[in-house]
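Written below as structure tokens is the structure these notes are about.
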Amino acid sequence: MKERAAVIGAGIGGIVSALRLRHSGFEVEVFEAASLPGGKIAQIEKDGFRFDTGPSLFTLPSLVNELFELFGKIFSEYFSYRALPVITKYFYEDGTEINAYNDPGKFADEIERKANVKAGKVRKYLKDAETVYDLTANNFIFKAFELSTVFTKDFLRATLRINKLNTGKTMHQVNQSYFKDGRVIQLFDRYATYNGSDPYQTPGTLAVIPHLEHNIGAFFPEKGMYDIVRSLYRLAVDEGIRFRFSEKVSSVNLDSGVAKGVETQYGRYDYDLVVSDVDIFTFYDQLLPNHEIPQKQLSQERSSSALIFYWGVKGLNESLDVHNILFSQNYKREFEKIFSEKTLPEDPTVHIFISGKVVEGDAPDGHENWFVMINTPANDGQDWDSLVEKARENIIEKIHRMLDIDIRQQILFEERLDPRTIESKTGSWKGSLYGNSSNNKFAAFMRHKNKTSKIKNLYFAGGSVHPGGGIPLCLASAKIMASKVKADWK
Ligand SMILES: Cc1cc2nc3c(=O)[nH]c(=O)nc-3n(C[C@H](O)[C@H](O)[C@H](O)COP(=O)(O)OP(=O)(O)OC[C@H]3O[C@@H](n4cnc5c(N)ncnc54)[C@H](O)[C@@H]3O)c2cc1C
Numbered sequence: 199m200k201e202r203a204a205v206i207g208a209g210i211g212g213i214v215s216a217l218r219l220r221h222s223g224f225e226v227e228v229f230e231a232a233s234l235p236g237g238k239i240a241q242i243e244k245d246g247f248r249f250d251t252g253p254s255l256f257t258l259p260s261l262v263n264e265l266f267e268l269f270g271k272i273f274s275e276y277f278s279y280r281a282l283p284v285i286t287k288y289f290y291e292d293g294t295e296i297n298a299y300n301d302p303g304k305f306a307d308e309i310e311r312k313a314n315v316k317a318g319k320v321r322k323y324l325k326d327a328e329t330v331y332d333l334t335a336n337n338f339i340f341k342a343f344e345l346s347t348v349f350t351k352d353f354l355r356a357t358l359r360i361n362k363l364n365t366g367k368t369m370h371q372v373n374q375s376y377f378k379d380g381r382v383i384q385l386f387d388r389y390a391t392y393n394g395s396d397p398y399q400t401p402g403t404l405a406v407i408p409h410l411e412h413n414i415g416a417f418f419p420e421k422g423m424y425d426i427v428r429s430l431y432r433l434a435v436d437e438g439i440r441f442r443f444s445e446k447v448s449s450v451n452l453d454s455g456v457a458k459g460v461e462t463q464y465g466r467y468d469y470d471l472v473v474s475d476v477d478i479f480t481f482y483d484q485l486l487p488n489h490e491i492p493q494k495q496l497s498q499e500r501s502s503s504a505l506i507f508y509w510g511v512k513g514l515n516e517s518l519d520v521h522n523i524l525f526s527q528n529y530k531r532e533f534e535k536i537f538s539e540k541t542l543p544e545d546p547t548v549h550i551f552i553s554g555k556v557v558e559g560d561a562p563d564g565h566e567n568w569f570v571m572i573n574t575p576a577n578d579g580q581d582w583d584s585l586v587e588k589a590r591e592n593i594i595e596k597i598h599r600m601l602d603i604d605i606r607q608q609i610l611f612e613e614r615l616d617p618r619t620i621e622s623k624t625g626s627w628k629g630s631l632y633g634n635s636s637n638n639k640f641a642a643f644m645r646h647k648n649k650t651s652k653i654k655n656l657y658f659a660g661g662s663v664h665p666g667g668g669i670p671l672c673l674a675s676a677k678i679m680a681s682k683v684k685a686d687w688k
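Residue numbering for the sequence shown is 199 to 688, as defined by our numbering.
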């Protein structure tokens, strides 16, 4: 008989964990509290509109392709995507507009044209980001980070060029060391938010993130972000993985320090191993309540959360692209508000994402599907009802001021997501989007590992454990987890 594995959670981390284990020969069942797969990657369909409600930025698609190839499938039969010609359109309060073209040379030229920065400087910045990626990816992203890592060739190579990693500076300081123009610094500082962090605190090494978008490329699935989940779920079902939806795991069964299965509202199930894709804090709090908590890992600051309005919009706004950023005037103040004061800034940076610009059928003819997001602190019981109403007014006013669009007149209906609902819908502790923040130098080392030495046959994947949040890192976490299982079960 084949060994049997239970995966708790059908977020992207859980689905891919199931696929990886299936490929290693396990019988796999996935338990999901919600009625659908995807977790934070979700969608709303209403009145002829479709909205991706969570992630909108898609990088490193090769990590998705790899999964279809693993099972000998042609990925294009399941999933298709394209490069976005313009990654993001940036708007500033002084009237500047910068198009971040996917072509890095064209992007550098655009910056030279619109800001006081030579194109060569931008090219150098992106080249250096590539170097940092080459030095760090194999140490921190695609492998488990443990004591033995420091004896590897990759680690030695990174150590010898440690000055390149900018560990002694913040991301903002790194960006300041390349550029003098505040608009360009702000543009590159924004990459700290890609893992829910603050550019004025997060280590300079994370200035590697623009490499993913600008050198490797920014993409978009032909049928929208939810198609990443839909196609991987289809592959999983085709490969014989069983999903139990609307079945919430209440605890992991332990026997003398060994994980033996899970318990749900329908009973106890026995398995040879258990993988959790549940937010690690929620996991220890709710699924393993009588067990010792890894205090150090779980006491880290949470990443930011988000407030999103989904607006069915009447009319077409030609000045906008798929991704549009309306920057705040005082970026430092915005992050102080979020991470120190744990409230919302009066002048937030606004992300307007309109998938209907590239996905046919996402909005009726002559209409647009607006996803309007601002970064927020994690949920610490703030008075969200009043904060959300105030933010909505500020956002509408900012859109009017910066884009000359009176969006209030165009909104047909509205749906919302805020830190409270992100938490209740996905089990993400405090509604954080990316687990722990990376606001200190040691954050990368402080994430919970993909396996615990305290309980045998229990493993972890997903955005709240190593190597971190965001779709590419969740895919990497499942791969690392599966390599641990392989080593233990060979
Ligand atoms: C608004 C928003 C914007 C984002 N933007 C981006 C972006 O542009 N690009 C990007 O790469 N990433 C982005 N992210 C982050 C990305 O979505 C996450 O890092 C990733 O989807 C997390 O996947 P996961 O599998 O770790 O967790 P989740 O998606 O949270 O999945 C966990 C699953 O476990 C289930 N679960 C919880 N408890 C139980 C239980 N007891 N029993 C059974 N099931 C349980 C939950 O229902 C959920 O389905 C964004 C996230 C949000 C919310």
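Backbone N, C-alpha and C define an ideal beta-carbon position, used for all residues, glycine too.
With fewer than 16 neighbouring CB atoms inside 10 Å of its own CB, Pro-487 falls in the exposed class. When C-alpha distances from His-521 are compared across Ser-538, Lys-555 and Glu-532, the shortest belongs to Lys-555. Rounded to whole angstroms, Phe-386 and Arg-614 show a C-alpha spacing of 28 Å. With 16 or more neighbouring CB atoms inside 10 Å of its own CB, Asp-425 falls in the buried class.
Here the alpha carbons of Ser-215 and Glu-595 stand approximately 44 Å from one another. At least one heavy atom of ligand 1 is found less than 7 Å from the C-beta of Glu-230. With a cutoff of 7 Å, Met-679 does not count as near ligand 1, since its C-beta is closer than that to no heavy atom of the ligand.
In its chain, beyond the 5 residues on either side, Val-330, Thr-334, Leu-363, Asn-364 and Thr-365 have a beta carbon closer than 7 Å to the beta carbon of Thr-403.
Runs of the beta strand (DSSP E) lying entirely within the region 459-508, each at least 3 residues long, are 465-468 and 471-474 in chain order. Put simply, the backbone Cα of Ser-454 is about 21 Å away from that of Gly-465. Taken from the Cβ of Pro-419, every heavy atom of ligand 1 lies 7 Å or farther away.
Per DSSP, reduced to three states, the secondary structure at Thr-368 is strand.
Under the three-pair Cβ rule at 8 Å, the region 411-424 counts as touching the region 541-561. It is roughly 32 Å from the alpha-carbon of Val-427 to the alpha-carbon of Gln-580. Gln-463 counts as exposed, since fewer than 16 other C-beta atoms from the protein chains shown sit within 10 angstroms of its C-beta. Scanning Glu-230, Ala-203 and Leu-258 for the CA closest to the CA of Pro-670 turns up Leu-258.
A distance criterion of 7 Å places the beta-carbon of Tyr-632 in contact range of ligand 1, judged by its closest non-hydrogen atom. Fewer than three beta-carbon pairs drawn from the region 257-271 and the region 482-500 are found closer than 8 Å, and the two stretches are therefore not classed as touching.
By the 16-neighbour rule on beta-carbons within 10 angstroms, Gln-493 is exposed. By the C-beta density criterion, Val-456 is exposed, having fewer than 16 other C-beta atoms within 10 angstroms.
Taking C-beta separations shorter than 7 Å and ignoring five residues to either side along the sequence, the partners of Arg-202 in its chain run Phe-224, Glu-225, Tyr-469 and Asp-470, following chain order. Not one heavy atom of ligand 1 sits closer than 7 Å to the Cβ of Ser-278. Runs of the beta strand (DSSP E) lying entirely within the region 572-622, each at least 3 residues long, are 609-615 in chain order.
For the pair Ile-414 and Pro-408, the Cα-to-Cα distance works out to about 9 Å.
Gly-211 has its CB nearer than 7 Å to a heavy atom of ligand 1.
Gln-399 sits buried, since 16 or more C-beta atoms from the chains shown fall within 10 Å of its C-beta.
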